[in-house]
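Under our numbering, the residues of the sequence shown are numbered 14 to 526, in order.
By construction, the Cβ of each residue, glycine as well, lies at the ideal position given by its N, Cα and C atoms.
Encoded as structure tokens, the structure appears first; notes follow it.
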Amino acid sequence: MFTLSLWQQIRQVALMHKQSIALCGLNGANPITFENLVSQVEELGLRLARLPEPVIALMADNGPSWIIADLAAMVSNKCLLPLPGFFSRQQLDHAMNDAGVSQLLTDASADFLETGFIDVEPVLSSNTMMLMIRDPHEPKGLPQKTSRITYTSGSTGTPKGVCLSEFQIQAVTRSLVELTRSIEVRRHLCVLPLATLLENIAGVYVPLLQAATVVAPKLNQLGFQGSSGIDASLFMNTILQSRAQSLIFTPQLLEVVLQATDHGWKASTPFKFIAVGGGKISAAALEKSRVSGLPVYEGYGLSESCSVVSLNTPGNAKPGSVGRPLSHLRVVIEEGEIIIQGSEFPGYCGVQTAYPSTRLHTGDLGYLDLDGFLYINGRKKNILISSFGRNISPEWVEAELSGIPGIHQCIVFGDAKPFCVALIRAADSISDDILHLAINKVNASLPDYARILRWSRLTAPLSVQDQTLTSNGRLRRSVIAGRYASQIESMYGRNHPQVTARILQSTQVSVTE
């Protein structure tokens with residue numbers, strides 16, 4: 014067990030660096046020193062501690078105020094429920110009712126007035142963050158030691174409340190501090206929504222424990238438009254203005270940066286560390302990052318393990334792997350599945366099962382090499398079995414396709430089919446002929462049974478809003494398969510269900526309109 018709480022550790026660092034800037038907005042707006050951070054967090058923490066209910070929800074835009082509210086919940090010993098801004102009204106209601114929320118911190122109080130909440134008082138003098146309350150709601154049941162609830166939209170659209178303990182959060186944070194200390198990052202830019210567990214832990218707690226400055230601009234200042242759109246020019250300009258030395262990207266955001274570097278973009282301050290997670294990165298994207306001088310390192314995690322299980326770092330990396338497991342964890346492989354040991358997972362909100370568990374079945378397929386580096390092969394449940402009996406991980410093929418410049422999204426199908434097909438969302442400037450040649454080149458590197466023999470363009474992006482992506486950007490395959498069923502089936506045409514084995518010998522693809 015840890016002798017000090019996570020907040021006490023941050024407070025210790027803060028008192029040794031009183032006049033250093035802990036938090037700020039874009040271009041250094043609203044700077045908060047470590048000394049001021051302690052006073053604001055503890056003042057709000059005392060106010061929250063007097064609230065009668067054990068759970069507090071937090072829904073606000075990115076910014077220093079979000080971070081202060083988050084840390085104040087630690088001080089108050091309340092269980093915090095950060096709510097993603099991209100959740101629908103139905104998903105928000107489900108999450109709050111599920112967790113029994115009757116206390117809410119928000120900078121958008123008007124949005125909740127029709128849902129039974131009433132304004133009580135402003136909680137931070139520097140902005141519009143309000144405390145709202147409603148009649149008590151009985152939770153469906155929280156596991157013991159729950160200090161954080163993180164909701165994911167999962168595969169059905171109904172958010173699932175993953176319950177985490179203070180011990181889990183602290184263990185991951187401390188392991189990441191140890192792993193990244195030698196990089197000596199002095200300035201981190203929060204790019205992902207702060208309600209995202211990965212940014213919350215690795216992008217806030219870790220930098221603060223290293224006495225670094227956390228830059229937290231509003232999401233629209235970063236160029237985000239809704240749940241899945243982005244103004245690439247504004248995004249790159251904000252990164253430039255931030256003078257950040259470290260960032261956390263999803264694969265799609267990395268693609269935006271790589272496209273910008275192709276057009277001559279260059280950071281004003283050299284990056285020291287860029288972590289990428291939330292999906293498989295293609296070997297081509299990693300190589301392109303290296304050639305562009307971007308220190309990109311792939312990691313792996315899931316909500317139940319506090320978002321991070323393993324991570325590559327400078328001097329301790331292998332391309333293609335997702336790094337070595339964090340020091341407090343042990344990873345074992347059983348029948349190809351990744352099993353995580355060493356961190357007790359409390360369970361899920363409202364789910365009465367045999368939790369807590371010290372063995373977490375991830376559902377991911379992978380292996381460890383002789384040096385202890387972890388490799389991911391895809392999701393156990395996503396494995397495609399072709400009509401010829403071949404097992405294919407769609408994530409593997411999708412990662413290769415995603416390395417093609419101009420491809421923003423792709424999803425591979427082929428279960429019980431004679432060959433694989435793909436739906437592809439690509440830049441309008443990329444012609445079908447160029448994509449055709451590029452996909453043929455990828456096919457040449459794949460075994461015959463995994464090649465994409467036909468593909469079709471998506472006319473609109475997959476998104477969280479239309480429920481084709483989960484909250485952390487992963488493909489919701491069953492939803493996509495249902496929504497685009499006719500488009501997928503048309504790619505098989507006359508060759509399905511009767512097809513000869515010689516089809517699989519071809520590397521040539523065809524495009525369907």
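Rounded to the nearest angstrom, the gap between the Cα atoms of W409 and R489 is 16 Å. Here the alpha carbon of E350 sits roughly 5 Å from the alpha carbon of L378. In the three-state scheme derived from DSSP, where H, G and I count as helix and E and B as strand, E268 is classed as helix. Non-local beta-carbon contacts of L299 in its own chain, meaning distances under 6 Å to residues more than five positions away in sequence, involve P332 in chain order. Counted as a single uninterrupted DSSP element, the beta strand (DSSP E) harbouring V434 occupies residues C433 to A439. If you check the CB distance, V68 and V114 come in under 7 Å. Burial is judged here by how many other beta carbons sit within 10 angstroms of a residue's own beta carbon; K31 has fewer than 16 and is exposed. DSSP places A27 in the helix class (H, G or I) of the three-state scheme.
In the DSSP assignment, M142 is bridged to no other residue. Distance between D441 and P264, taken at the CA atoms: about 20 Å. The C-alpha of Q234 is placed about 34 Å away from the C-alpha of F180. Cβ contact annotation for V269 (same chain, cutoff 7 Å, sequence separation greater than five): I243, A245 and F248, in chain order. Each residue's CA atom was taken as its position, placing P206 and V364 some 27 Å apart. Your pair Q116 and P359 does not check out as a contact, with CB atoms roughly 21 Å apart and the cut at 8 Å. DSSP lists V344 and L373 as the bridge partner or partners of I353. For M72, the secondary structure class from DSSP, reduced to helix, strand or coil, is strand. Burial state of L105 is buried, judged by a 10 Å Cβ sphere holding 16 or more other Cβ atoms. Each of L381, G154, A121 and A123 was checked against the Cα of D111, and the nearest Cα belongs to G154. The three-state reading of DSSP puts Y497 in coil, since its state is none of H, G, I, E or B.
Burial check for Y380: the Cβ neighbour count within 10 Å stays below 16, so the residue is exposed. For T481, there is no enclosing beta strand (DSSP E), as DSSP marks it with neither H nor E.
Shown here, V54 sits in a helix according to DSSP, grouped into three states. Here I465 is buried, its C-beta having at least 16 other C-beta atoms within 10 Å. DSSP places K173 within a strand segment (E or B) once states are collapsed to three. Secondary structure at E151: coil, using DSSP grouped into helix, strand and coil. Looking at Q272, S281, D275 and T226, the one whose alpha-carbon comes closest to that of I252 is S281.
Residue M143 holds the alpha-carbon nearest to the alpha-carbon of S78 among E66, G129 and M143.
Take the alpha-carbon of P407 and the one of F426: they are about 7 Å apart. Straight-line measurement puts the Cα of L57 at about 22 Å from the Cα of A123. Residue environment for L17: exposed (fewer than 16 other C-beta atoms within 10 angstroms of its C-beta). Across the structure, I294 and D132 are spaced so that their CA atoms are roughly 44 Å apart. Take Q25, set aside five residues on each side of it, and the residues of its chain with a beta-carbon closer than 8 Å to its own are L17, in chain order. Contact annotation: C92 and S160 have beta-carbon atoms nearer than 7 Å. Closest in C-alpha terms to R200, from the list V335, I34 and S52, comes I34. Assignment of A208 by DSSP, reduced to helix, strand and coil, places it in the coil class. Look at P220 here: in three-state DSSP terms it is helix.
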